Amino acid sequence: MGKRTAVDAYRFQQRGGKGVINIKTSAAAGRVVAIKPVVEDDELMVITRNGVVNRQRVSEIRTIGRATQGVRLVNLDDGDQVMDVGRVIAEDADEGEEMGNVEGIEAVIRAGDGEEMENVEDMEGDVLAGEPEAD
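Per the working numbering, the very first residue in the sequence shown carries number 170; after that it's consecutive.
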């Protein structure tokens, strides 16, 4: 499963804060694998344990709320899980260009025993979060 949420939907935390919910979790869905800042023109590569690679445009992932579960990004076979997610930068982007105001997303991908979530700070734009579909 995956999702895209505006970064400004996340409030800043102060000392003693109890955190912010990023994605609705369930035992069947698993843990967060990755969070990636991207822009609308980028693509995501979702790689599974069985070697399946799924490439999709960020613009095709619908924007939804931050405390939601998301939509299916990749079909998984029994026993398969998402291992990693990569950001494919749009071809027309300049190599030396700063990301600046990120209009894109932060990708959160969850998989059965997945990897720990990456720390993302001071972002602007949207957020993409994801998890594998429970069978």
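Cβ atoms here follow ideal geometry from the backbone N, Cα and C, with glycine treated the same way. None of the values given here were measured: they were computed from a predicted structure.
Enclosing beta strand (DSSP E) for residue i [first to last residue]
i: Ile233; result: Looking at the DSSP string, Ile233 is not in any beta strand (DSSP E), and its letter there is neither H nor E.
i: Leu242; result: Looking at the DSSP string, Leu242 is not in any beta strand (DSSP E), and its letter there is neither H nor E.
i: Ile216; result: 212 to 217
i: Ala178; result: Note, Ala178: premise wrong, no beta strand (DSSP E); not H, not E.
i: Asn191; result: Unbroken run through Asn191: none, as it is neither H nor E.
i: Gln133; result: Within the shown structure, residues of the chain are numbered from 170 to 304, placing residue 133 beyond reach of any answer.
i: Met252; result: 251 to 257
Distance CB(residue i)-CB(residue j) smaller than 7 angstroms
i: Leu245; j: Gly171; result: no
i: Val325; j: Val207; result: With the chain represented from 170 up to 304, any question about residue 325 goes unanswered, as that position is not in the structure.
i: Lys205; j: Ala236; result: no
i: Arg218; j: Asp249; result: yes
i: Val257; j: Ala203; result: no
i: Val240; j: Val215; result: no
Presumed contact (8 angstroms Cβ cut-off) between residue i and residue j, rounded CB distance
i: Ile233; j: Arg173; result: 7 angstroms
i: Ala178; j: Asp210; result: The Cβ separation is near 21 angstroms, so there is no contact.
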